[in-house]
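What follows is one structure encoded as structure tokens, with my remarks underneath.
In this note's numbering, the protein residues as written are 119 to 193.
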């Protein structure tokens, strides 16, 4: 069975890789599908307002393509 590593994002949305950091825990990464970077940041800030994320901080927001390029093409 062949497995495809290609992903298809619905029209009008962009995949954003959002990284969160914490002083005593490993970094967390979440992928948000949003129409633009501002909307992805808003979703991340919403998450940070939840009590379970109170000690976490937003590290960065990049498109999926930028994230893959940073890792030398590795997903």
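Heads up, the beta-carbon is just placed ideally off N, CA and C, and yes, glycines get one too.
Could you tell me which of the options sits nearest to residue i, measuring between CA atoms?
i: residue 185; options: 136, 165 and 163; result: 136
i: residue 148; options: 181, 142, 141 and 173; result: 181
i: residue 127; options: 189, 153 and 161; result: 153
i: residue 129; options: 151, 179 and 176; result: 151
Would you identify the three-state DSSP class for residue i, choosing helix, strand or coil?
i: residue 189; result: coil
i: residue 141; result: coil
i: residue 131; result: coil
Could you compute how far the alpha carbon of residue i sits from the alpha carbon of residue j?
i: residue 170; j: residue 163; result: 13 Å
i: residue 173; j: residue 166; result: 8 Å
i: residue 133; j: residue 168; result: 22 Å
i: residue 144; j: residue 138; result: 9 Å
i: residue 183; j: residue 189; result: 10 Å
i: residue 131; j: residue 146; result: 22 Å
i: residue 158; j: residue 187; result: 19 Å
i: residue 177; j: residue 142; result: 15 Å
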